[in-house]
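Numbering (my numbering), first residue to last: 2 to 133.
We put the beta carbon where it would ideally sit given N, CA and C, even for glycine.
The structure displayed is predicted, hence computed values, not measured ones.
Inspection log for the structure reproduced underneath, given as structure tokens.
Okay, here's the thing in structure tokens:
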């Protein structure tokens, strides 16, 4: 299969990208490197530095893609309070831009992810569903 992973140079995204590539899949990564590191990616992975709000870039990367993993996001709670417009543009606007591009490109599969930051600081680890 052919995959596009947004935010694919981050901790989880790079592990996913490398696993898919090692399993023989064609993998592309789009990441703005605000929290990622391109060096975490296997050399066989096609990397593009960019923003999920760039719909023309998304259209070009989505051609022939079977599935998208959407991991791109800003996740710092403290920073989101200081810069709410930037976080809304990246997280909400970026997801809407990606969904529009996916629809227009005819991609039928998408996996959306979240962050542990949505649960806040928890005393007990690992966090249980009943704790939140």
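**Q.** residue 70 - DSSP class collapsed to helix/strand/coil
**A.** In the structure shown, residue 70 adopts extended strand secondary structure according to DSSP, grouped into three states.
Q: Count the C-beta pairs between the segment 50–68 and the segment 33–40 that are closer than 8 Å, then say yes if the count reaches three, no if not.
A: Yes: at least three Cβ pairs fall under 8 Å.
Q.
So if DSSP puts residue 7 in a beta bridge, which residue, or which two residues, is it bridged to?
A. Paired residues: 31 and 71.
Q. Going by the CB atoms, is the gap between residue 91 and residue 56 shorter than 9 Å?
A. In this structure, residue 91 does not lie closer than 9 Å to residue 56 by Cβ.
Q) Looking at the unbroken beta strand (DSSP E) that takes in residue 111, where does it start and where does it end? A) In the DSSP assignment, residue 111 falls within the unbroken beta strand (DSSP E) covering 110–113.
Q) So what does DSSP say about residue 20, is it helix, strand or coil? A) Residue 20: helix per DSSP, three-state reduction.
Q) For residue 14, which residues from the same chain have a beta carbon less than 6 Å from its beta carbon, with the 5 sequence-adjacent residues on both sides left out? A) Within the same chain, residue 14 has close Cβ partners 6, 8 and 72.
Q | Three CB pairs or more closer than 8 Å across the segment 67–87 and the segment 102–119 | A | Per the Cβ contact rule, the segment 67–87 is in contact with the segment 102–119 (3 or more Cβ pairs under 8 Å).
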